[in-house]
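In my numbering, the protein residues as written are 0 to 98.
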Amino acid sequence: MVDIELPRGLVALQLSVYAARLRLVEHVRANGPVRDWSPGTDAEGADLQDACEVSEAVLQKAIDESGLEQKHGRRALRRALMAAAGQQMPSQPRTPDPT
């Protein structure tokens with residue numbers, strides 16, 4: 000793999016995307032199937048989805064502006080970003096599967 004020098008800001012944005020996705024996943028996990036959601040729970044899920052999409056758009060804009068994708072390719076840059084962000088993510092204890 001090519002060693003890509005990543006700006007800290009890009010790694011921080013990747014972490015914010017992961018955090019937004021995690022909040023959405025935890026919301027779905029805590030509230031069960033979408034078809035059973037109340038209007039308030041549905042609205043909260045929609046807000047979390049919107050926040051996730053905004054976070055991803057901000058990351059993509061920063062990637063585009065950095066020029067790293069053109070220099071190294073999309074796949075290599077994404078892998079490098081995921082690896083760098085993964086090293087900084089706090090480990091979370093796994094909850095046992097209730098089934």
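Backbone N, C-alpha and C define an ideal beta-carbon position, used for all residues, glycine too.
Everything numeric in this text was worked out from a predicted model, so none of it was measured.
For Leu5, the closest alpha carbon among the candidates Val27, Leu80, Gln87 is that of Leu80. Uninterrupted alpha helix (DSSP H) stretches at least 4 residues long and entirely within the stretch 5–88 occur at 7–30, 38–65, 67–71, 73–87, given in chain order. Going by beta carbons, Leu67 and Leu58 fall outside the 8 Å limit. Taking the Cβ atoms as the reference, Arg74 lies roughly 28 Å from Leu47, outside the contact range of under 8 Å. Residues of the same chain with a CB within less than 7 Å of the CB of Thr40, apart from the 5 flanking positions on each side, are Asn30 in chain order. Taking 8 Å as the upper bound for CB-CB distance, Gln86 and Leu14 are not in contact here, some 10 Å apart.
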